[in-house]
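Note sheet for the following structure.
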Amino acid sequence: MAPTKTTGKDVYSVILPTFNERQNLPIITWLLNRTFSEQNIDWELVIVDDGSPDGTQDVAAQLVKLYAPHVQLQTRTGKLGLGTAYVHGLQFAKGNYIIIMDADFSHHPKFIPQMIAKQKAGNYDIVTGTRYAGDGGVYGWDLKRKLTSKGANIFADTVLRPGVSDLTGSFRLYKRDVLEKLFQSTDIRGFTMQMALAVTAKSQGFSIAEVPISFVDRVYGDSKLGGEEIVEYAKGVLQLWWST
Ligand SMILES: Nc1nc2c(ncn2[C@@H]2O[C@H](COP(=O)(O)OP(=O)(O)O[C@H]3O[C@H](CO)[C@@H](O)[C@H](O)[C@@H]3O)[C@@H](O)[C@H]2O)c(=O)[nH]1
């Protein structure tokens with residue numbers, strides 16, 4: 437892909453929440469470095485680790501040295517959840533654009549230049565990766581997980597009508613000030629937060645563009661999504677329906 441045109445002052449901060457990602461972290465960091473370097477884009481990586489027992493923080497500390505000054509490690513004690521990890525990471529991020537993604541390659545860095553180009557083309561407030569439009573897709577999930585994800589999107593779309601094809605996906609590019617406003621506007625966190633941020637953004641008039649992505653299930657480690665999160669999600673949809 438041809439290099440993406442940025443203003444020269446733009447800095448992209450990737451916030452990467454990690455819990456037990458020791459095996460994935462070196463490769464995702466290498467891929468991010470390669471992607472941004474090839475495009476000559478100013479970037480940083482903010483790893484937010486919640487005391488992973490598998491030694492993720494030791495690996496991250498090595499990466500901080502190896503990729504200096506691009507990588508920083510922020511730690512919290514105990515597993516405090518995906519949503520609050522983004523909020524925590526944003527306090528330390530220096531970029532005027534924020535990218536949030538997973539550490540396990542389900543979100544491949546190769547889509548980042550397309551997301552940046554899309555944002556620039558329309559000066560969008562948010563660009564979201566979508567598995568459910570264009571040539572986007574999901575690979576490697578069993579039927580139960582596919583139905584859960586699709587069902588969660590259909591449920592929220594039917595109740596809230598936000599016009600975003602992938603409400604639960606978390607591979608997104610935000611203008612920093614927009615993300616800050618959204619964090620202040622909704623207190624919904626956890627896995628439900630992606631949906632809450634998109635719905636709140638739409639209700640506040642922010643523009644959202646989409647880039648189709650291939651979501652590939654993780655090879656190393658386990659998903660942290662459980663029944664509790666699914667119940668929380670349903671509650672979150674109804675809470676937003678009531679409040680918007
Ligand atoms: N710091 C921190 N990180 C966490 C925590 N829980 C999960 N993570 C990190 O958050 C990312 C996503 O977690 P997974 O457990 O791999 O998520 P998933 O089940 O594959 O869910 C994906 O799909 C969902 C539905 O489409 C998405 O909503 C979700 O954001 C994610 O993309 C990974 O980098 C993981 O290490 C936590 O409590 N704390």
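Quick note on numbering: this note's numbering labels position 3 of the sequence shown as 439, and the sequence is numbered without any gaps.
C-beta atoms are modelled at their ideal positions from N, C-alpha and C, and glycine is treated no differently.
It should be emphasised that the depicted structure is a prediction, and the values quoted were computed from it without experimental measurement.
Would a C-beta distance cut-off of 7 Å place residue i and residue j closer than the cut-off?
{"i": "Thr604", "j": "Met629", "result": "no"}
{"i": "Lys515", "j": "Asp486", "result": "yes"}
{"i": "Asp561", "j": "Phe455", "result": "no"}
{"i": "Asn532", "j": "Arg612", "result": "yes"}
{"i": "Val482", "j": "Ala529", "result": "yes"}
{"i": "Val595", "j": "Ala634", "result": "no"}
{"i": "Asp602", "j": "Tyr575", "result": "no"}
Taking 6 Å as the cut-off, is the CB of residue i close to at least one heavy atom of ligand 1?
{"i": "Pro453", "result": "yes"}
{"i": "Lys515", "result": "yes"}
{"i": "Thr566", "result": "no"}
{"i": "Ser585", "result": "yes"}
{"i": "Gln630", "result": "yes"}
Quick check: the Cα distance between residue i and residue j, rounded to an integer number of angstroms?
{"i": "Gly626", "j": "Gly663", "result": "13 Å"}
{"i": "Phe619", "j": "Asn589", "result": "21 Å"}
{"i": "Leu502", "j": "Gly517", "result": "27 Å"}
{"i": "Ile644", "j": "Asn469", "result": "26 Å"}
{"i": "Tyr522", "j": "Pro545", "result": "18 Å"}
{"i": "Asp490", "j": "Asn460", "result": "12 Å"}
{"i": "His506", "j": "Ser650", "result": "26 Å"}
{"i": "Arg581", "j": "Ala670", "result": "16 Å"}
{"i": "Leu615", "j": "Asp578", "result": "32 Å"}
{"i": "Ala496", "j": "Leu452", "result": "11 Å"}
Is residue i near ligand 2, going by C-beta to nearest heavy atom under 6 Å?
{"i": "Val647", "result": "Of the ligands this structure carries, namely ligand 1, none is ligand 2."}
Closer than 7 Å by C-beta to residue i: which residues in its own chain qualify, once you throw out the five before and the five after it? Chain order, please.
{"i": "Asp446", "result": "Asp478, Asn532 and Tyr533"}
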